[in-house]
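Enquirer:
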Amino acid sequence: MWEYDPVMFSRTLTGLTLAFHIIYATIGVGIPLMIAIAQWIGIKKNDEHYILLARRWTRGFVITVAVGVVTGTAIGLQLSLLWPNFMELAGHVISLPLFMETFAFFFEAIFLGIYLYTWDRFENQKKHMLLLIPVAIGASFSAFFITMVNAFMNTPEGFDIVNGALVNVDPIAAMFNPATPTKVAHVLTTAYMTSAFVLGSIAAFHLFRGRNHVYHKKSLYLMMKVGLIFSIATVIVGDFSGKFLAEYQPEKLAAAEWHFETEEKAPLMMFGWIDDNGEVQGAIEIPYALSILAHSDPTAEVTGLNEFPEDERPPLIVHYFFDLMVSIGIFLTLISLFYWFGIGRGWKIVEKKFFNFLLVLSGPLAIVAIEMGWFYAEFGRQPWILRGFMKTPEGATSAAYVDTMLFLFVGLYAVLGTASAIVLTKMFKNNPVEKELEEHALERGDR
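Each residue of the sequence shown is one higher than the one before, starting from 437 at the first, in this note's numbering.
1. Counting only runs that start and end within the segment 673-711, where is the beta strand (DSSP E) found for 3 or more residues in a row?
2. Below 7 Å CB to CB, which residues in the same chain sit around G778 once its five sequence neighbours on both sides are set aside?
3. Between the beta-carbon of R495 and the beta-carbon of L534, is there less than 9 Å?
4. Given this structure, state the Cα-to-Cα distance separating E715 from Y837, to the nearest angstrom.
5. Can you tell which of M841, F864, V623, A802 has the C-alpha that lies nearest to the C-alpha of L513?
6. Give the DSSP-derived three-state secondary structure of W820 in the structure shown.
7. Can you have a look at I608 and say buried or exposed, based on whether 16 or more other CB atoms are within 10 angstroms of its CB?
8. Between V443 and the rest of its own chain, which residues show a CB-CB distance below 6 Å, the 5 nearest in sequence each way excluded?
9. Among M536, F445, V465, M523, which one has its Cα closest to the Cα of L568?
10. Report the option in F641, Y460, N599 whose CA atom is closest to the CA atom of T500.
11. Over what stretch of residues does the alpha helix (DSSP H) that includes L848 continue unbroken?
12. What are the boundary residues of the beta strand (DSSP E) that D596 is part of?
13. In chain order, what residues of the same chain have a beta carbon less than 6 Å from the beta carbon of F580, not counting five sequence neighbours either side?
14. For the alpha helix (DSSP H) that contains A455, what are its first and last residues?
15. Quick check: the Cα distance between W493 and I471, rounded to an integer number of angstroms?
16. With three or more C-beta pairs closer than 8 Å as the rule, is the segment 686-694 touching the segment 752-760?
17. According to DSSP, L602 sits in a beta bridge with which residue or residues?
18. Is it right to say K654 is buried, meaning 16 or more other beta carbons lie within 10 angstroms of its own, or is it exposed?
19. Output the distance between the C-alpha atoms of S446 and F845, rounded to the nearest integer angstrom.
20. With the cut-off set at 9 Å, would you say E697 and G740 are in Cβ contact?
21. Since I believe G504 is in contact with F543 (beta carbons under 8 Å), could you give me their beta-carbon distance rounded to a whole number of angstroms?
22. Could you work out which residue in A857, S631, Q685 is closest to P614 when comparing CA atoms only?
23. Going by alpha carbons, who is nearest to F680 out of V571, L525, N590, T861?
24. Compare the C-alpha of H695 against each of V671, P723, V673 and name the closest.
25. Indicate the three-state DSSP secondary structure (helix, strand or coil) for D882 in the structure shown.
26. For the segment 701-720 against the segment 768-782, do three or more pairs of beta-carbon atoms, one drawn from each stretch, fall closer than 8 Å, so that the two count as touching?
27. Using only the alpha-carbon positions, how far apart do Q475 and I638 sit?
28. Taking all protein chains shown into account, do 16 or more other C-beta atoms lie within 10 angstroms of the C-beta of N599, making it buried, or fewer, making it exposed?
29. Please list the terminal residues of the continuous alpha helix (DSSP H) segment that includes I573.
30. Less than 9 Å between the C-beta atoms of H457 and V650, yes or no?
31. DSSP state of I722, grouped into three classes?
32. Any chance the segment 736-750 sits against the segment 787-803, with 3 or more Cβ pairs inside 8 Å?
33. Measure from the alpha carbon of M584 to the alpha carbon of each residue in H622, V603, P570, D441, then state which is nearest.
34. Mind checking W810: buried by the 16 CB within 10 Å criterion, or exposed?
35. Going by DSSP, what residues sit across from V716 in a beta bridge?
36. Here's the rule I'm using: 16 or more other beta-carbon atoms within 10 Å means buried, otherwise exposed. How should E524 be labelled?
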């Protein structure tokens, strides 16, 4: 007989909300920077194509912000309703970064509205672009503050615990805990990278469909270049993240690599499976790589998962999340590098339809990599909701309504996802690039 489990439903609903929200949140953080880059190039080169890129991307960005507001509000609501014991324990510690995140969002939204509705009010485009700086700063700081909360859940610091309560809270120490630098850097670089590849894949799709307008070619080249820069930055930050995990969350790193026994010269294991005897089979083994990732030393000792109590080990499925994230990141770096190098050298292969199709895939794959990264981050922290202090079941509600909430939110996300896709599609389909360029040319002629 089926048994109602509020912890399972709470985990499922929170995971679903985060998985849906992170798509819009990632784009919301990264797109303002892409808009700023395009508009700056357009002003510098006096190129109408780049100016139009900024205008069209801004319209689409507004839709994603609107959906992100709804899903972000849902996360705040669910923290209180689904995880009341966690909020009772740590709510007063994480309240400051949560407030700062809200402030950063309103700061962004105010200037976004002004920026959006003053396109044709400035004769000097440089002055108009100044309005975009607070938008980009607000978006990035919004991610900065909310990531601090997640970092605190992984390495909680800045308080004393007395009789099961967190007291003598130092909010600055709690916010700038050991996980904050690598987590914030990773979130920001991957958001910029993902946004670049999403916009690049849209341009590649138009070229794949035979719409060879120079507007799409400029968009693709610009976004592949930006995507390459931030994919390399992500690799560098990922290396620092590996060293952070080795020092502060060694069980999470060991689970990601199916590294069970503590040993020197540890290899890195990619994919594979575990047989009935607990042995890893079919994995791609890279000698010394895990020791290098963990300690920058090919002979260094890496702590194995068997060193930790069984009830404090992350689920082994995180291995696949980690491998997919890394594999997609490598693919995106290589394909953008090949494209950039190929364009510079005049290689015909980068204009072939097959290669163009690979570029179309770069955007969806970047989104998948973001999802895998967050799956790894959250599953890899288990069984803790606040590492070392509270396990996930202890933080959850025991209420009887969570299953109903799950079904209602599934319906809400289905409506939001479908509606945003329809609106974005119709918005750009009814206003093709050629039509807008012609209208702007006529406007300049009238002036």
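Ideal placement from N, C-alpha and C gives every residue a C-beta, glycine not left out.
Expert: So, from the listed chains and residues:
1. Secondary structure within the segment 673-711: the beta strand (DSSP E) runs of 3 or more consecutive residues, fully enclosed, are 704-706 (chain order).
2. If the five residues before and after G778 are omitted, its C-beta is found closer than 7 Å to the C-beta atoms of I785, V786, all from its own chain and listed in chain order.
3. No.
4. Those two C-alpha atoms are separated by around 42 Å.
5. The shortest C-alpha separation from L513 is found at M841.
6. W820 falls in the strand class under three-state DSSP.
7. The Cβ neighbour count for I608, taken over all protein chains shown within 10 Å, is under 16; the residue is labelled exposed.
8. Taken in chain order, the residues that qualify are P829, A832.
9. Ranking M536, F445, V465, M523 by Cα distance to L568 puts V465 first.
10. For T500, the closest of F641, Y460, N599 by C-alpha to C-alpha distance is Y460.
11. It spans 838-865 - the alpha helix (DSSP H) in which L848 sits, taken as one unbroken run.
12. In this chain, the beta strand (DSSP E) harbouring D596 covers 596-598.
13. The residues are V620.
14. Element bounds for A455: 442-481.
15. Taking the straight line joining both Cα atoms gives about 7 Å.
16. Verdict: yes, contact present.
17. For L602, which the question treats as bridged, DSSP gives the partners I597.
18. With 16 or more other Cβ atoms within 10 Å, it is buried.
19. If you take the alpha carbons of S446 and F845, they lie about 12 Å apart.
20. Annotated as proximal: E697 and G740, with beta-carbon spacing under 9 Å.
21. Rounded, the Cβ-Cβ distance is 15 Å, inconsistent with contact.
22. Nearest option by C-alpha distance: Q685.
23. The residue from V571, L525, N590, T861 with its alpha-carbon nearest to that of F680 is N590.
24. Ranking V671, P723, V673 by Cα distance to H695 puts P723 first.
25. In this predicted model, D882 has a pLDDT of only 47, less than 50, meaning its place in the structure is not dependable; the value taken from the coordinates is given anyway. DSSP, read as helix, strand or coil, puts D882 in helix.
26. No, they do not touch.
27. Cα to Cα, Q475 sits roughly 18 Å from I638.
28. Exposed: under 16 other Cβ atoms inside 10 Å.
29. It spans 568-590 - the alpha helix (DSSP H) in which I573 sits, taken as one unbroken run.
30. Judged by beta-carbon spacing, V650 lies beyond the 9 Å limit of H457, meaning their Cβ atoms are not closer than that value.
31. Residue state, collapsed to three classes: strand.
32. Output reads no: the segment 787-803 does not touch the segment 736-750.
33. M584 has its Cα closest to that of H622, out of H622, V603, P570, D441.
34. Burial state of W810 is buried, judged by a 10 Å Cβ sphere holding 16 or more other Cβ atoms.
35. Note: V716 sits in a beta bridge opposite I710.
36. Exposed, since its Cβ has fewer than 16 Cβ neighbours within 10 Å.
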